[in-house]
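First comes the structure, then the notes that go with it.
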Amino acid sequence: MGVWGPAHGPEGGDITAFAVDPTQPATLYTGTREGLVFKSVDAGRSWHVLDLTSNGVEALAVDPQTPATVYAGTGVGAFKSTDGGGSWRPVNAGLVRPESDLPFSDVTVFAIDPQSPATLYAAAGTIFKSTDGGESWSAIAGGLIGVRALAIDPRTPAILYAATDTGIFRSADGGGSWVPASAGLPAFPEMTAVAIDPQNPSTLYAGTNNEGDSTITVFKSTDRGVSWRGLNNGLESIDVAALEIDPQRPATVYVGSERGVFESADGGAHWAATGQVKGVQTLAIASQTPATLYAGTGVGVFELTDGDRTWLASNTGLVASTVGALAVDARTPATVYASSSGGVFKSANSGSSWRTVNAGLPVNWFIDALAVNPRTPSILYAGTGPGVFKSTNAGRNWRAMNTGLPKRDEDVAALAIDPRRPATIYAGSFSGAVFKSTNGGHRWRATGLRLKGISVLAVDPRNPATVYAGSNGFEGSGEPGDGVFKSTNAGRNWRAVNAGLAGKSVDALAIDPRTPTTLYAAGSGTVFKSTNGGGKWRAANAGLPTGDEEVVDALAIDPARPSTLYAATSGGVFRSGDGAGSWSPFNQGLRPRDVAAIASTRKVLYAGTRGGGVFDYRSSG
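Under our numbering, think of the first position of the sequence shown as 289, with each following residue one higher.
Following this line, the structure appears as structure tokens:
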């Protein structure tokens, strides 16, 4: 027996919330889309995960007078910690929909009264108020819906502003009543951010998501929201995700967006891009000397220090990446590759440490597929939206290999290599076909299978002319539909082999290396087994979780014991020791439990999770 070891990488993650301790600005908190909270006590040089597992962390707030009190807004409500994140408990009393008394599940914003921090506000579609530190809540929005952001006047905390899908609203009585404050804003604004100048609270900034005809997405008011004017000198037409004002120099304003962070040093009159950080979802400023701006992005935390105009990654210990694919070096199994929205990562020590190997890969594209040449493992391939990329030096450098791939058909979600002739590669395009290269990816041609939604490919290890493709395509689109397709002549011709699959989509395939007529297919909550090369399938689900939301994303066969299989599911890893006759949970030490990729060697089992990096299981026997 053994246990899943702690994930050591890949570092980074999908950062959706950030908070700074106002009394100790080196103490930081960050939350991820997959539901983890991390803490740093050294200004982001290192992070450790806290004991809160939820469904998406969208808001974090620190009590300005008692900073050990921290609030987290998640997809399953509000949580509170009174020991700096060491422990958490739900605080949802009264946090219900006024029209139905059903609980709100999604808390996206917090705002704390700086003078009386037991008073705080939460946005969960509408606005709620608590006067007892979150122990109880009451709805106060007066009909406001689609609330995206809240801001409190630091000098007169009874004055609040709400950014909503229909504009900016203002309350002068602690949320008791609200009035529109949108004069000068676009006719149909969807306001996403609002921020108050801490030294001159009559000055506000607001951002929109660039809907409609307006090309101006940042606005300024100098009269407490009575009127607004657009600010776009040097600012691209962007969707504003976050606004942050430097509390020490409030004429310095930052805007975060998918295109990056923009800075103004003159109160919004002029703007300039700050660098190459993209996909920004949240911003925060730590007011130490020098001040540091933190950006939470889809791939991790980055910091920009005042005086140093270079963004630096700040992700040591922050293991929250979503892993899309795993590939193991067959000759050196301690070498493993993992893909995520941050690119490709490599470990040379069975997952104990990871480093990025991204030179030449497209930026901000999720890598959907990886494959390692079994004879020359320094050669590997990556499949992604812009096509196929190849490395000939174990990931140090990559180059596009798309000759023959129609541009509309790139979107490569599956790769498979002929084990006997590894210059022969198959690529599955999610948008329309299976392609084949016989010269290491230098040129591609379409095979006989034109099918949307190719999600997985597998080559028979003993008879490589036999190739399987799994599809989770689109029924009713004129395509053959979901299921498994088989070629026995290296891709020239294909036929559906779906008897017994019951029209299920297929996301995973695995071939028994000793008896390759035995294969397994999996998809939406179901595993199927065939013992005659796909001629007939039967369900093999005993012990697996059931339900419409359950998904089996990947399968792996133990190369030393092919009757032992592992299934990567939205509910964790499941193991079968009898050729899928029965399954049991295999999750001790695994956190989070949503597993998207899995790979097995003779000594180590790897699990790639959504939001928790790569875990490894080593048998103690």
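Backbone N, C-alpha and C fix where the C-beta goes; we use that ideal spot for every residue, glycine too.
Separation of P355 from P310, as counted between CA atoms:
8 Å
Discussion item. My output table needs one value for K327: the three-state DSSP class, helix, strand or coil.
Written reply: strand
Practice prompt. Provide the residue span of the beta strand (DSSP E) that contains V744, from first to last.
Written response: I742 to V747
**Inter-residue spacing [alpha-carbon to alpha-carbon] between P402 and T562** = 30 Å
Of the listed residues V568, L523, I415 and F718, nearest to A657 (C-alpha basis): F718
Check your understanding: What residues are listed by DSSP as bridge partners for I886?
Key -> A895
- Message: So D706 and V772 are supposed to be a Cβ contact under 8 Å. How far apart are they, rounded?
- Response: Contact doesn't hold; Cβ gap of about 19 Å is too wide.
Helix, strand or coil at K824 according to DSSP, with G and I counted as helix: coil
Open item on the list: Whole angstroms are fine: how far does the CA of A778 sit from the CA of P752?
Closed with: 7 Å
At the level of alpha carbons, what is the spacing between G430 and D594?
41 Å
* Count the other CB atoms within 10 Å of the CB of F297; is the residue buried (16 or more) or exposed (fewer)? -> Note that residue 297 is Gly in the sequence shown here, rather than Phe. Its Cβ being crowded by 16 or more others within 10 Å, G297 is buried.
Open item on the list: Could you compute how far the alpha carbon of E763 sits from the alpha carbon of Y756?
Closed with: The pLDDT assigned to E763 is 42, lower than 50, so where the model puts this residue is not dependable, and the model offers no usable value.
Legend entry - Residue nearest to N520 in terms of C-alpha spacing, selected from K792, R512, A557 and Q576: A557
Whole angstroms is fine: what's the gap from D554's alpha carbon to P538's?
9 Å
Problem - C-beta atoms of R881 and P804 nearer than 9 Å - result: no
State buried or exposed for F476, treating a residue as buried only when at least 16 other CB atoms are found within 10 Å of its CB.
exposed
How close, in whole Å, do the beta carbons of A451 and L432 come, if the pair is a contact with beta carbons under 8 Å?
-> 10 Å between Cβ atoms; not a contact.
Nonlocal neighbours in the same chain, by C-beta distance under 6 Å from R436, ignoring five residues either side: A451 and T480
- Message: Pull the bridge partners of M479 from the DSSP assignment, please.
- Response: T496
Q. Is the CB-CB distance between V384 and S369 below 9 Å?
A. no
Beta carbon of V506 nearer than 9 Å to that of K566 = no
Return the Cβ separation of P442 and I484 in integer angstroms, given the expectation that the two are a contact with Cβ distance under 8 Å. 7 Å
- Message: Closest to L807 by C-alpha separation, out of T814, S793, W825 and D795, would be which residue?
- Response: W825
| task | Would you kindly work out how many angstroms separate the C-alpha atoms of A622 and L843, rounded to a whole number? | result | 20 Å
**Request:** Spell out a yes or no on whether the stretch 575–588 and the stretch 301–320 are touching, meaning 3 or more CB-CB pairs, one atom from each, closer than 8 Å.
**Result:** yes
Burial state of F532, where buried means 16 or more other Cβ atoms lie within 10 Å
Contrary to the premise, residue 532 reads as Glu rather than Phe in this sequence. So E532 ends up on the buried side.
Given a threshold of 16 other Cβ atoms within 10 Å of its Cβ, counted over all protein chains shown, does G859 qualify as buried or as exposed? buried
*asked:* Can you look up K417 in the DSSP assignment and give me helix, strand or coil?
replied: strand
*Length-filtered (3 minimum) beta strand (DSSP E) runs lying within the stretch 772–842*: 794–799, 807–811 and 815–818
*Could you tell me which of A412, L693 and G374 sits nearest to A427, measuring between CA atoms?*
A412
If you follow the beta strand (DSSP E) that A290 is in, where does it begin and where does it stop?
The sequence given here places Gly at residue 290; Ala does not occur at that position. Taken as a continuous stretch (DSSP letters only), the beta strand (DSSP E) holding G290 covers G290 to W292.
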